[in-house]
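Here's the structure, in structure tokens; my notes come after.
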Amino acid sequence: MSTQNQQLIDNYGRRVDYIRLSVTDRCDFRCVYCMTENMTFLPRNQVLSLEELNQVALAFTELGVDKIRVTGGEPMVRNNIMSLMNSLGSLPGLKELLLTTNGAQLDKYAPLLKQAGVNRINISIDSLIPDRFRRISRVGKLEKVIEGIDAAIAAGFDRIRLNAVIMKGYNDDEVLDLVKFSLDKGVDIAFIEEMPLGQVSDHRREDTLCTNDWVKQVIEEQFTLVPTPSKTAGPSKYWQVSGQSSRIGFISPVSHNFCADCNRVRVTVEGRLLLCLGNEHSVDLREVLRDPDRNFEDLKQVIVEAMNLKPERHYFYDSDHEQPVRLMNMTGG
Ligand code: SAM
Ligand code: SF4
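Each residue of the sequence shown is one higher than the one before, counting from 1068 in the numbering used here.
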């Protein structure tokens, strides 16, 4: 059967029009909630080449996906990443090319990313105190990330959003400072609840989890939050501080299940099409890409059929259900 004009619709009637494409499992940071201290990364032959990543992206856009977020690991550590960004930026049918990065190399790359067609950027920043930033990222330099944020602002992306994971005992006293920082810079900020993706080495996630209801309460002690009508398709709920252009988002996969609105799937850098962040249901696209007897049309057909595997929802921190063993850098955040 031809896949022409076919769309991606799962068994629960949800249309998938957004993919998160992981371009590496590697990173120049080792954030405590994302990785263990000593990581082993994938050998090169298990990782999709830039051409294979582009083929996957093309297949999805031909199936109606019009938004791609490039992520990782840290996308900017992938060799020749800009050649991939340039080709993704010119994919027919793509309305939005997005990037999630730790910001450490944006001082160098921001203008090139803008030129390549990246519309919006998310930059992760969990602390504004240099020593603490280093403790959370284990190796990162706060100063480089702030330079990266400034370079992104200067490059003129449609929107820039900071991402922060708030954890008890690490940075739970910095919620207001992070909000003020985003207001000062005129960018958005989203607070993301820590998800139980894989076992990390420095803490038990149950001990550090801060719900977004709590984070929001802290913000409301100082600011009046007005709900915004704009809801980008997906899990972020945005609020505005009255009189300010920045928006404050809450991504609450743990405390508020938003699976019913899910419009996305992920492709790991091994070419595993992951149908849900919190489940292991997946299909191996690398096998199809590397099979000399299968072609591009077969790749699209496998993607279409994979939609039948998309589970209804995740069950984070629910002891009646198995929790993912995959760390976030292997998942594609
Ligand atoms: N390296 C890039 C970065 O840090 O922005 C992109 C990849 S990272 C895996 C994407 C996002 O996932 C980051 O904002 C990070 O804070 C978040 N993240 C990583 N592990 C997480 C976890 N266990 N729970 C919630 N968010 C997590
Ligand atoms: Fe690297 Fe991003 Fe994971 Fe931090 S969250 S270790 S920056 S991939």
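In this text, a Cβ means the ideal position worked out from N, Cα and C, and glycines have one as well. Everything numeric in this text was worked out from a predicted model, so none of it was measured.
Take Ile1203, set aside five residues on each side of it, and the residues of its chain with a beta-carbon closer than 7 Å to its own are Cys1098, Val1099, Asp1193, Ser1194, Tyr1237, Asn1238, in chain order. By the Cβ test, the stretch 1147-1159 is in contact with the stretch 1112-1129, since at least three Cβ pairs between them sit closer than 8 Å. The beta carbon of Glu1214 sits closer than 8 Å to those of Leu1173, Asp1174, all from its chain and outside the five residues before and after it, given in chain order. A distance below 7 Å between beta-carbons, with the five flanking residues on each side excluded, links Ser1309 to the following residues of its chain, in chain order: Thr1291, Val1293.
As the crow flies, the alpha-carbon of Leu1264 is around 33 Å from that of Ser1157.
For Asn1169, the CB falls within less than 7 Å of some heavy atom of the ligand SF4. In this structure, the ligand SAM has no non-hydrogen atom nearer than 7 Å to the beta-carbon of Thr1295. Under the three-state reduction of DSSP, Gly1170 is assigned to coil, being neither helix nor strand. Remark: the C-beta of Phe1258 is outside contact range of the ligand SF4, defined as less than 7 Å to any heavy atom. By the criterion of at least three beta-carbon pairs nearer than 8 Å, the stretch 1266-1281 is not in contact with the stretch 1325-1335.
Between the stretch 1176-1188 and the stretch 1222-1238 there are three or more inter-stretch CB-CB distances shorter than 8 Å, so the stretches are counted as touching. Membership of Arg1202 in the alpha helix (DSSP H) is indicated by the continuous run 1197-1204. Annotation for Thr1138: the continuous beta strand (DSSP E) segment containing it runs 1134-1138. Here Arg1228 is bridged, per DSSP, to Asn1189, Asp1255. In the structure shown, Asp1244 adopts helical secondary structure according to DSSP, grouped into three states. A distance below 8 Å separates the beta carbons of Ser1249 and Asp1255. Residue state for Gln1113 is assigned as helix, using DSSP reduced to three classes.
Judged by DSSP in its simplified three-state form, Lys1304 adopts strand. Sorting Phe1363, Ala1373, Asn1375, Leu1376 by C-alpha distance to the C-alpha of Glu1129 places Phe1363 at the top. Burial state of Ser1069 is exposed, judged by a 10 Å Cβ sphere holding fewer than 16 other Cβ atoms. Following the DSSP letters along the chain, one finds Ile1315 inside the beta strand (DSSP E) bounded by residues 1314-1318. Around the beta carbon of Thr1107, fewer than 16 other beta carbons lie within 10 angstroms, which makes this residue exposed. Residue range 1209-1222 is occupied by the alpha helix (DSSP H) that includes Leu1209.
In the structure shown, the three-state DSSP call for Ser1322 is coil. Out of Ile1076, Cys1101, Lys1247, the CA that lies nearest to the CA of Glu1261 is found in Cys1101.
Shown here for Arg1361: same chain residues with a beta carbon closer than 8 Å to its own, the five before and five after excluded, namely Val1355 in chain order. Note that the C-beta distance between Val1132 and Asp1084 is below 8 Å. If you ignore the 5 residues before and after Phe1127, its C-beta comes within less than 6 Å of the C-beta of Ile1086, all in its own chain and listed in chain order. In this structure, the ligand SF4 has no non-hydrogen atom nearer than 7 Å to the beta-carbon of Ser1322.
In the structure shown, Ser1268 falls within a coil segment according to DSSP collapsed to helix, strand and coil. Within the chosen limit of 7 Å, the ligand SAM reaches the beta carbon of Leu1264 through at least one heavy atom. The beta carbon of Arg1339 is closer than 8 Å to those of Ser1349, Val1350, Asp1351, Leu1352, Arg1353 in its chain, skipping five residues each way along the sequence.
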